[in-house]
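Chains A, B and C, in that order, give the protein sequences. Numbers 1 to 473, taken from UniProt numbering, label the letters of the first sequence in order. Numbers 1 to 473, taken from UniProt numbering, label the letters of the second sequence in order. Numbers 1 to 473, taken from UniProt numbering, label the letters of the third sequence in order.
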Amino acid sequence: MNSDSVAMTDLSGKMHKLETVCIFGTGDFGRSLGLRLLQSGYSVVYGSRAPKNSLLLPKGSKVMTHAAAACDAHVVFVAVQREHYGFLSSLASDLEGKVLVDVSNNLKRGLYPESNAEYLSRLVPGVTVVKAFNTISAWALQSGGLDANRQVLICGDCADAKQQVVDIAQSLGFTALDRGSLRAAAELEDLPLQLFPLWRLPLNIAICLTAFIFFYALTRDVIYERVTNGKDIAFRIMISLANKAFPIVSLVMLSLCYLPGALAGFLQLYNGTKYHRFPDWLDHWMLCRKQLGLLALAFGFLHVLYTLVIPIRYYVRYRINVYTISLVKDNNTYEFDNTAAWRYDSYYSMGILGFGLFVLLGITSLPSVSNSLNWREFCFVQSKLGYITLLLCTAHTFLYGWDRFLKPASYRWWMPPAYMLSLVVPCVVLILKLILITPCVDRNVTRIRQGWERQGKISANGRDTKTNHPLIA
Amino acid sequence: MNSDSVAMTDLSGKMHKLETVCIFGTGDFGRSLGLRLLQSGYSVVYGSRAPKNSLLLPKGSKVMTHAAAACDAHVVFVAVQREHYGFLSSLASDLEGKVLVDVSNNLKRGLYPESNAEYLSRLVPGVTVVKAFNTISAWALQSGGLDANRQVLICGDCADAKQQVVDIAQSLGFTALDRGSLRAAAELEDLPLQLFPLWRLPLNIAICLTAFIFFYALTRDVIYERVTNGKDIAFRIMISLANKAFPIVSLVMLSLCYLPGALAGFLQLYNGTKYHRFPDWLDHWMLCRKQLGLLALAFGFLHVLYTLVIPIRYYVRYRINVYTISLVKDNNTYEFDNTAAWRYDSYYSMGILGFGLFVLLGITSLPSVSNSLNWREFCFVQSKLGYITLLLCTAHTFLYGWDRFLKPASYRWWMPPAYMLSLVVPCVVLILKLILITPCVDRNVTRIRQGWERQGKISANGRDTKTNHPLIA
Amino acid sequence: MNSDSVAMTDLSGKMHKLETVCIFGTGDFGRSLGLRLLQSGYSVVYGSRAPKNSLLLPKGSKVMTHAAAACDAHVVFVAVQREHYGFLSSLASDLEGKVLVDVSNNLKRGLYPESNAEYLSRLVPGVTVVKAFNTISAWALQSGGLDANRQVLICGDCADAKQQVVDIAQSLGFTALDRGSLRAAAELEDLPLQLFPLWRLPLNIAICLTAFIFFYALTRDVIYERVTNGKDIAFRIMISLANKAFPIVSLVMLSLCYLPGALAGFLQLYNGTKYHRFPDWLDHWMLCRKQLGLLALAFGFLHVLYTLVIPIRYYVRYRINVYTISLVKDNNTYEFDNTAAWRYDSYYSMGILGFGLFVLLGITSLPSVSNSLNWREFCFVQSKLGYITLLLCTAHTFLYGWDRFLKPASYRWWMPPAYMLSLVVPCVVLILKLILITPCVDRNVTRIRQGWERQGKISANGRDTKTNHPLIA
């Protein structure tokens, strides 16, 4: 379109305007789309029920009755809600042979048995329906695609019609992606109705873990104290218990984020090739590692705030006061314990450094930052720095526990302290990783990841088969 | 151009180079533009006052006198400052019929009565002037548009000339947007001189509010103490007073960020349609909600730091010390108050959770993050999570105040404590929202937002009129 | 291609499919590329060693033997590792006259004397080799270039062949950049193997500085105490010493980030023109200012955490306890020192405000945020706010030191306290800046930055010569 017109200018010196596009519907989306088309050099004609009363349309556009508007253009955008599609069937003869672009979305999932685009196609027989632009908001159209999703997903049964919509999308500054036949329309119409699909599993894990740790600690601390000593320390729920649950969830989720990678390594070693598909649960797990990590960071952040607020808590000030006064009364002194000084300071230091690295990992997973890294840099940050973070946080937890696991008093009602539970998964991950980076195992894994296959495992055509594992390994 | 050349290759097997572009001026911008044009396949000719002395131009470009350079190309970029435009009038015959692209910017606003592009058009009569590329920096041209503003705004009186510039911009990897006739040039030249226009109102609100709260608290705390008890506690200005002003401003601005949405809901209920334009002040207010929220977050962040620093303050250590010693001397003990323990811990907990959610809101308003969300996800985060944040922060403030509002001693000089003032706006917003989400009201608002209109309010052509409200509702 | 096909549709009403592209190799990259090509409207043919066994290729593609696949297409992507290039020489006759696109990367730098693309060109004599797409990951191809690096770097010796690859890249939604002849291939193959090249220098500076300050403080505090008083305070290493090193490194690196700008200003004043090239070390230094600043922020962040953790440290609690008890025993009271209250509170306040602004600077240097600013806004934030940050942090350090520099006891073993060392560079930068913004100097610098040149310094053609200084000044 676009470039062709210039070619003609060069040859003949005559000007060739971009084609006319028709838009049915003068709502938010219709107006934003029209403005953008005009800005990109198209002529725009609106089809309206009452053309004379249509105000506030973009300057430079024309407005007519539906039939008149359609007659000027080859491509007609239907920016009308599905419930009002009815009038289109009466325009069938005017629309004969045209390309109808369905941009509609539904308010809820599963409202209708068939997609809006397929319904439109059935309703107006002589036309070619293309589904497109439904993932683009009116806002993205107005703001020029600059800081908004730039990807237009397109589907339809006629390649030629699709290509015309692709051209329009590209002229408007968007990237077009063909998603297949019109049967894919249902899927496309589902996209804007999704609510964080990749976050669902990690979020559920986080909620269940938090609830479990919270009730575990509640039983061990508050209920035990109540039953055994008859003391009510339920006020601890707000900060002390929260500050037990949050770091534990954070550590477990951080290690869950690195566990699938380690498992995949062992699986590849066992299979002797990287061209075996991973089991589905592992695939799914690997795809939500980023979300697991970010939730772990959020819980870690809360843990930091809950910890830093400790010295201004009423209860803590009370305890310190009581302790000081008791020392004075007993004419005692606070004996300085050098080991305790080392231990506590190391404990805080590990935690701070671990959290600092964790924040760095979080920042590099922001889309705009990770895009500016090349593959090697991304792997270095997310894998090397990630494992160092895990190591520091695990060491932080070990230093917190110190020798308490040896003291029988720690096992109230045969329940070990919560922090001990939290160490299981990280230790497993770190041990697996340790095995994977021993020189002899590492050499094998590296060879396999570069495409090498163990004899006897090799398939007829080598690396060309059975290969659909996730790209990030 | 671009694709046409390939088409010709396909047909004839002969190669068709992209056209020649001329650049007047060999400064930073001229050189960066030339390099980029060369990289995209254009031939580049520089026009210079002293062609023989022009060093450091991109490899592959040619440099000639202005007249000779212009003769080879149809499009001439004028990368010269407005003050030096004079020499162009003498080239009028050489430039006859060419497209002159004005890329200039001024150093200050309002230096000249007419825009640079219009001045250029007047100066060289036979040419077509197009204003473009002035919002793109030399840096963005060099770095390949990768992590820099990718949008080229274009205006001019001749559609054909504009189309040629659009093609060049697109070949260079930019998105082109037509902004109308050459009269829009003044507006385009203003864009790079703007300094945070959307932040101005929120920033002024923040500064005024901070000043007011600061002086209010200064009067109530420091001056009152001085006048009544003759004690000088002016040192409190640095932290205690700042830590009163910051959280109050943060809470008020957070609620100001949600107030217009609630007002708009009631206005739509009252009008019985969403197709009534909002009053201008409400429109303007709604457009700067993001900035209001981010400033509130910044103040909240300062509040967190000021709070966490409390236990290492000299004054606080002194007070605790004095209190402990006085207890020892009076042979007293610190009576543990279970309610106080609950209250303080809940107070901190609400604050921490509120701040955590607030940071999450801030992160999702980063351009690269909000682009990766669909509309439903964005609304969920900014509306649902936003109201929960407001609720938590308001609860945090209520718990801080507790029953102090009942004590007459709190009303020094008939001035209530500052935190009470801060609760007015959030409570109004929360009550309005509560009304809006009661089932019967909610049903009406939802219907209206989906396009339904109350009988008697309907206009001749229904939804096609009077509709220009902001797209984010 | 793309648009041409539509032009033909318009003229003849007949559909013109996009051309056929051949891909050799069915690994991750080959499959992702094929899928993307299909989605953008191309026909895709795979060349495989064993076509019948090739499963999991994108739906819609065909798979044949290498020779048969190559015969249908003009452009052949070679998505095979360099070690397997051997088989291509036997296909020389089938590939005669085709364009071979080399997308390969090596595992390590310097494995081979010549680039993969040049080797390929030597191996298959009759073809034209274009190096492209090697900086794009399979992941970026799959995710549609939406939130991944969108820039395809291309090099090759034949402009026509390159243009065909440019067209394909653009149809796929990428931005193409020509990087010259095939000799540039080695450079392109190096890009994905780079590991934070711009961060290397700042990181080395940070590590050396940290080590120096750490050992300096270790000598002055821990070893001095051990030697002089025989006391072991080595436990201080974990937090106290770290919290000396981090803020000092942070402050020095922040000022190192503003020093080159100030030096450049003086150099321009001395030269009397901005069209003199800066010395190489200054150029290099100016290019890594962002990295210096972000590292300074990271160290500042650690400093904040290390500071806030102070009140919960074992040692600090011990000290406070001991002090309180000693006061009680001696029947003494803590004398309130108004100056100390002012000083400590100001000290904390400066630090918090400085850190707050510093975080703001960090946020605006995120790619997606800095892209949404215009040049004037970016300069305002990074320069004006940056200097205010530096000023606040320097004031913070001065208030920390207070009058200690007057006390001989501070100079143990003739070593001044570490914080004094840290003040040297920031003070130099602030004094230089102060000189630069005095009205008379500022006027000159501004004139020079706008292109003015001092008489006697002017070159034959004025501003057109010798000009290659960095664009950010």
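Each residue gets a CB set at the ideal place from its N, CA and C atoms; glycine is no exception. Just so we're clear, the structure is a prediction, and the values are computed from it rather than from any experiment.
Cβ neighbour criterion (16 or more within 10 Å) applied to residue i
i      : result
A:C393 : buried
A:A132 : buried
B:W285 : buried
C:N204 : exposed
B:G145 : In this prediction, B:G145 scores a pLDDT of 47, lower than 50, which makes its location untrustworthy; no coordinate-derived value is stated.
C:G386 : buried
A:P311 : buried
A:R36  : buried
B:L423 : buried
A:C257 : buried
B:G13  : Confidence at B:G13 is low in this model, with a pLDDT of 30, below 50, so its placement is unreliable and no value can be given for it.
B:R313 : buried
A:A409 : exposed
A:D147 : Confidence at A:D147 is low in this model, with a pLDDT of 48, below 50, so the placement of that residue is unreliable and no value is reported for it.
Of the listed residues the options, nearest to residue i (C-alpha basis)
i      : options                          : result
B:L141 : B:F29, B:G386, B:F235 and B:L177 : B:F29
C:A341 : B:R236, B:V322 and B:I352        : B:R236
C:I239 : C:L305, C:Y258, C:F77 and C:L107 : C:L305
C:F21  : C:E453, C:Q81 and C:L100         : Going by the sequence as given, residue 21 of chain C is Val instead of Phe. Of the listed residues, the one whose Cα sits closest to C:V21 is C:L100.
A:D94  : A:H74, A:V103 and A:K108         : A:H74
B:F77  : B:F266, B:I168 and B:F398        : B:I168
B:S383 : B:C71, B:L111, B:G272 and B:L254 : B:L254
C:K274 : C:A79, C:E96 and C:Q450          : C:Q450
C:V124 : C:K162, C:T364 and C:Y85         : C:Y85
C:G156 : B:L259, B:Q39 and B:Q81          : B:Q39
C:E96  : C:V103, C:V44 and C:L88          : C:L88
B:Q163 : B:D178, B:H396 and B:S346        : B:D178
B:A245 : B:T219, B:V428, B:S48 and B:L360 : B:T219
For residue i: DSSP bridge partner residues
i      : result
C:Y270 : Per DSSP, none; premise fails for C:Y270.
C:T20  : C:S43
C:L421 : Its beta-bridge partners do not exist; DSSP assigns none.
C:A176 : C:V152
B:K131 : B:D102 and B:C155
C:M286 : Answer is none; C:M286 lacks a bridge partner.
C:R412 : C:M415
*Can you give me, in chain order, the residues of the stretch 80-91 of chain A that have a beta carbon less than 8 Å from any beta carbon in chain B?*
Answer in chain order: Q81.
_Taking beta-carbon pairs under 7 Å, can you tell me which members of the stretch 368-389 of chain B lie near chain A?_
Residues are counted here when their Cβ sits less than 7 Å from a Cβ of chain A; for the stretch 368-389 of chain B these are S368, V369, N371, S372, N374, W375, R376, E377 and F380, given in chain order.
*Does the stretch 327-343 of chain C touch the stretch 365-373 of chain A, meaning 3 or more C-beta pairs lie closer than 8 Å?*
Short answer: they don't touch.
*asked:* I'd like to know if the stretch 184-196 of chain B and the stretch 57-76 of chain A are in contact, where contact means that at least 3 CB-CB pairs between them fall below 8 Å.
replied: Touching, no.
*Listed in chain order, which residues of the stretch 304-322 of chain A have Cβ atoms closer than 8 Å to some Cβ of chain C?*
Of all residues in the stretch 304-322 of chain A, V304, T307, L308, I310, P311 and I320 have a Cβ within less than 8 Å of some Cβ in chain C.
*In chain order, what residues of the stretch 323-346 of chain C put their CB closer than 7 Å to some CB of chain B?*
So the close ones are T324, L327, V328, T333, Y334, F336, N338, A340, A341, W342, Y344, D345 and S346.
*Report the residues of the stretch 177-198 of chain B with a CB closer than 9 Å to any CB of chain C, ordered along the chain.*
Taken in chain order, the members of the stretch 177-198 of chain B whose beta-carbon sits within less than 9 Å of a beta-carbon on chain C are L191, P192, L193, Q194, L195 and F196.
*Would you say the stretch 245-252 of chain C touches the stretch 427-446 of chain C, given that touching needs at least three Cβ pairs under 8 Å?*
The stretch 245-252 of chain C vs the stretch 427-446 of chain C: no contact.
*Are three or more beta carbon pairs between the stretch 194-203 of chain A and the stretch 220-235 of chain A nearer than 8 Å?*
Touching, no, given that fewer than three Cβ pairs across the two stretches are closer than 8 Å.
*Does the stretch 286-293 of chain A come close enough to the stretch 330-339 of chain A to have 3 or more Cβ pairs within less than 8 Å?*
A contact is defined here as three or more CB-CB pairs under 8 Å, and the stretch 286-293 of chain A fails this definition with respect to the stretch 330-339 of chain A.
*With 7 Å as the limit, tell me which residues of the stretch 236-247 of chain C have their beta carbon closer than that to any beta carbon of chain A; keep them in chain order.*
Of all residues in the stretch 236-247 of chain C, M238, I239 and A242 have a Cβ within less than 7 Å of some Cβ in chain A.
*Name the residues in the stretch 287-301 of chain A whose C-beta lies less than 9 Å from a C-beta of chain B; which are they?*
So the close ones are A298 and F301.
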